[in-house]
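Visitor:
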Amino acid sequence: MATMKAKYLGQLRVECEHVASGTKMMTDAPVDNCGKGEAFSPTDLCAAALGSCILTTMGIYAGQHNIDLEGTEMEITKTMGTEPRRIVRIGIDIFMPAKAYSAKDRIVLERVAQTCPVYYSLNEHLEKSVCFHWSV
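Read in UniProt numbering, the sequence shown has 72 at position 72, and its numbers run on one by one without any break.
1. Bridge partners for glycine 10 per DSSP, in chain order?
2. Considering only the beta carbon of each residue, do aspartate 44 and threonine 27 sit closer than 9 Å?
3. What does the alpha-carbon distance come out to for the pair isoleucine 67 and isoleucine 54?
4. Apart from the five residues on each side of it in sequence, which residues of its chain come closer than 6 Å, Cβ to Cβ, to arginine 89?
5. From Leu109, Gly10, Ala39 and Gly81, pick the residue whose C-alpha is nearest to that of methionine 25; which is it?
6. Within a Cβ cutoff of 8 Å, which residues of the same chain sit near alanine 49, ignoring the five residues on either side of it in sequence?
Quick look at the structure:
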């Protein structure tokens, strides 16, 4: 059975559905590629998937080691290339809240961030930059 379904709605828009939950979302082509840019583009979703996977993987580790990540935020920057059109770089800045993280926690969380399934699934030629900003 499919885990997701997608339907082309016309005008470069696609509705995606998560089968198990029924959650739906729409994508739109970006303005620089014939679209209106009124929703996430498929490549935006790819970059967002990396970011959310990193936070989820960090959350799993944190939950197993009693580390509080609540309030952690990130900014994701996607850079497109041409010939062929593709994502060439995803930059992720992770802003950690001002909490008493030990030196060990900081080192391990930074390592864990680069072990999520999406990170490993993306082409090795795609530059992935993950930068932590630790509040004091």
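C-beta: ideal position from N, C-alpha, C; glycine also.
Guide: To lay it out plainly:
1. Arg13
2. yes
3. Answer to the nearest angstrom: the Cα atoms are 15 Å apart.
4. Thr79 and Glu127
5. Ala39
6. So the qualifying residues of the chain are Val118.
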